[in-house]
Each structure stands twice: as C-alpha cells, then as structure tokens.
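To start, the structure under review is shown below, and the notes come after it.
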Amino acid sequence: MQKKVLKLISPIWDHYVVELVNGVRVATCKYCNETVRAEQNKNNTSSVKNHHYKCRKNPANIRTDQTFINFPKVGSVVDPSAPM
Ligand SMILES: [Zn+2]
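Each residue of the sequence shown is one higher than the last, beginning at 505 in my numbering.
Given below as structure tokens:
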C-alpha cells in the first residue's frame with residue numbers, strides 16, 4: 505500500500521482522482537473516467553462507493569460470481585451539456 509498526500513482516508517479513494525472543481529470535490533474514476541461528486545460534509549464516500557461497486561471497468565467487479573457483467577458496453581461520456 506502506498507501512502508498518498510491526500511487527506512482522504514478510505515481506501516476507496518485509491519480508485520479515484522479527486523479534484524476540486526468550482527469548490528466542489530469531484531472524484532474521477534480511474535477505470536471509466538466517470539466523475540462522481542464527493543462532498544466532504546455528507547456521507548462523503550457513499551456516492552463514490554456506489555459507483556465503485558457498479559463500475560463495469562473496475563477490476564474488482566469483474567468476477568465470476570457477478571451476474572451483471574453482460575451489460576452492453578457504453579462508450580459515451582456523461583456530459584450534461586450535450587443534447588440527449
Ligand atoms: Zn468507474
């Protein structure tokens with residue numbers, strides 16, 4: 505295990521790059537580049553963990569005991585400014 509300079513304690517953060525964007529802490533998944541808001545003053549890891557467990561590119565989720573690995577591959581990037 506490597507120690508990082510970040511003040512984030514949970515090992516969940518090892519899977520994310522955390523940045524401050526317009527005053528909002530945003531975690532970017534290292535596997536699929538999806539961004540998840542990581543607010544400090546809530547259950548700050550809940551949304552991140554939620555993504556962590558559903559992330560289809562997370563090696564931890566690629567297991568034979570998971571039955572939902574047959575999702576169609578989605579290559580689109582979530583962009584709120586893009587038209588539907
Ligand atoms: Zn991900």
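Every residue, glycine too, gets a C-beta built ideally from N, C-alpha and C.
#### Entry: The beta strand (DSSP E) enclosing tyrosine 520, as first and last residue numbers
520-525
Say the cut is 6 Å; is the CB of tyrosine 535 nearer than that to a heavy atom of ligand 1? In terms of side-chain proximity, the C-beta atom of tyrosine 535 is found nearer than 6 Å to a non-hydrogen atom of ligand 1.
inquiry  = Looking at ligand 1, does it come within less than 6 Å of glutamate 523, judged from the CB to the closest heavy atom?
reply    = Checking every heavy atom of ligand 1 against the Cβ of glutamate 523, none is found closer than 6 Å.
Self-check item: Alpha-carbon to alpha-carbon, valine 525 and isoleucine 516
Solution: 20 Å
Once the 5 residues before and after lysine 553 are set aside, which same chain residues still bring their CB inside 8 Å of it? The answer, listed in chain order, is Ile516.
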